[in-house]
Amino acid sequence: YVIVAIHSTALGPALGGVRLWHYKATIDGARDALRLARGMTYKAAAAGLELGGGKGVICALQGAPPAGRERRALLLDFGDLVESLRGRYITAEDVGIAAEDLVVIGERTSHLTGLPPDHGGSGDPSPFTALGVEAAMRACARERLGSPDLSGRRIVIAGLGHVGSKLARRLADAGAELAVSDIDSAKRSLATELEAEWIEPSKEMLAECDLLAPCALGGAIDATNLPRLRCEIVCGCANNQLADEGLADGLAEHGILYAPDFIVNAGGLIHVYREIRGYSEHEARQLALGIEVNLNRVLATARERAITPLCAARELARERLDAAQREPAAAA
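And the structure:
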């Protein structure tokens, strides 16, 4: 099955990557798409981008990932679905989708972004996501630890995928004391290369650290592990890190600073947005670095009003969405 969820087009066309993933039932894939599309709406709005929120999901059958003709057929079907929406939704790369998959989707639709440079696109957005996450970590360190300097800070990265691995390299260069984990034991070679501690999967969330960076799939923090977290800050690139948004209150009660994921991980979205508007790597980098300023604003609002950073970030996004929805009425 192929699914597209559109949450909002108030600010512009709905943009969100497509993920290929195994779901127990199609309804689970639909729920995931709806939840992720909502997150994309808030991410774009909070980042000040003229985009709405959407998400694509290709539901794979249980077993090995689809390959060969089966994979190509699924990708072409998804391309047809995107094209049928006539530009209301723009797709991009996400979990389980490689650059060559986007090229196949592009055989059926032009409403996509993030193609490889040799196919006229701006390439992999993950370096810009990692850049933005590092910038957000500096904002968090300033707020909670008294200095934006990450050197010597113990940082645990849970997940070494496209973004997590690049974030690990950036933080190693910044002099952080790194510990990393991934369900793929082959990623242990990166830990060795970066002289980082390797933590076995399922134990990384409870490791003692200054900053915990969830960088795999969503729901990493739940009601079971929250009381046992031993970090000062949660700031990672994964979408929907909280299994339930109410857990933001629980983190605050435990004295843990949570940086809202849709603020933190906007760098990749900024990158593909710049491709749509006319690509400039310099402008994309500057906008991604601006995530530090954006998060500073959110954290200051949360502090001044005694609300959680998640509440402050949602208010920032809603303000822009509400303003956009009022504009047509004002014009009339």
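Just add 36 to wherever you are in the sequence shown, counting from 1, and you've got our numbering.
The C-beta atom is built at its ideal place from N, Cα and C for all residues, glycine as well.
Since the structure is predicted, the reported quantities are computational estimates derived from the model, not experimental observations.
Whether residue i touches residue j by CB criterion (7 Å)
i, j, result
"F298", "K91", "no"
"A353", "V334", "no"
"C251", "G195", "yes"
"I269", "R206", "no"
"R124", "P49", "yes"
"C271", "A295", "yes"
"M76", "G84", "no"
"G150", "A128", "yes"
"R362", "A81", "no"
"A360", "L87", "no"
"A103", "A73", "no"
"A172", "L331", "yes"
"A204", "L230", "yes"
Cutoff 6 Å; reference residue i; Cβ partners in own chain excluding five residues on either side
i, result
"P163", "K202"
"I94", "V38, L56, L110, F114"
"A368", "At A368, the pLDDT of 41 sits below 50, so the modelled position is not reliable; the number obtained from the coordinates is stated separately. If we look at A368 and ignore the five residues flanking it on each side, it has no Cβ neighbours."
"V192", "A215, E240, A243, C245, L248"
"R119", "One detail in the question is off: residue 119 reads as Glu in this sequence, not Arg. Taken in chain order, the residues that qualify are R144, T145."
"H307", "P161, F164, A320"
"D358", "none"
"C273", "T165, V169, V199, C251, N301"
Selected residue, minimal CA-CA separation from residue i, among the options
i, options, result
"H147", "L262, D185, L51", "L51"
"K430", "L70, L85, G99", "The question about residue 430 has no answer, for the chain in this structure spans 37 to 368."
"L70", "R321, R310, P296, N276", "N276"
"A208", "P263, S187, G197, R339", "S187"
"A284", "A256, A66, Y309", "A256"
"I219", "G200, R206, A212, E213", "G200"
"R107", "R362, G88, I141, E129", "I141"
"A175", "V300, A320, T344", "V300"
"D160", "G65, V131, Y294", "V131"
"L323", "T337, E340, I312, G304", "G304"
"P263", "A82, G291, G254, E236", "G291"
"E170", "A210, S44, G314", "A210"
"T344", "S316, G282, R313", "G282"
"I312", "R189, R339, L138, I126", "I126"
Where the beta strand (DSSP E) through residue i begins and ends
i, result
"S44", "38–44"
"S217", "213–217"
"L230", "No beta strand (DSSP E) contains L230, which is instead part of the alpha helix (DSSP H) from 224–230."
"H58", "54–58"
Residue i: CB within 6 Å of a non-hydrogen atom of the ligand FMN
i, result
"G90", "You won't find the ligand FMN in this model; it holds no ligand whatsoever."
Neighbourhood of residue i by C-beta distance below 8 Å, restricted to the same chain and skipping five residues each side
i, result
"A365", "Reliability of the predicted coordinates at A365 is poor, the pLDDT of 47 falling under 50, and the value obtained from them is presented with this limitation in mind. So the list is empty, once near-sequence residues are dropped."
"L325", "L167, G168, A171"
Residue range of the unbroken alpha helix (DSSP H) whose run includes residue i
i, result
"L242", "Run containing L242: none; DSSP gives neither H nor E here."
Close beta carbons around residue i, own chain, < 7 Å, minus the five adjacent residues each side
i, result
"A134", "none"
"H58", "A96, Q98"
"L278", "I257, A284"
"T62", "Y37, C95"
Q: Starting from the N-terminal side, write out each stretch of the alpha helix (DSSP H) that is 4 residues or longer and does not extend beyond the stretch 248–334.
A: Here the runs fully enclosed are 283–289, 297–300, 303–313, 317–325.
Q) Of all the alpha helix (DSSP H) runs that stay within the bounds of the stretch 81–145, which reach a length of 4 or more residues? A) List check, alpha helix (DSSP H) in window: 104–120, 135–141.
Q: Can you check the stretch 155–215 for any alpha helix (DSSP H) of at least 4 residues that lies completely inside it and give the ranges in chain order?
A: Fully enclosed alpha helix (DSSP H) runs of 4 or longer: 162–181, 198–209.
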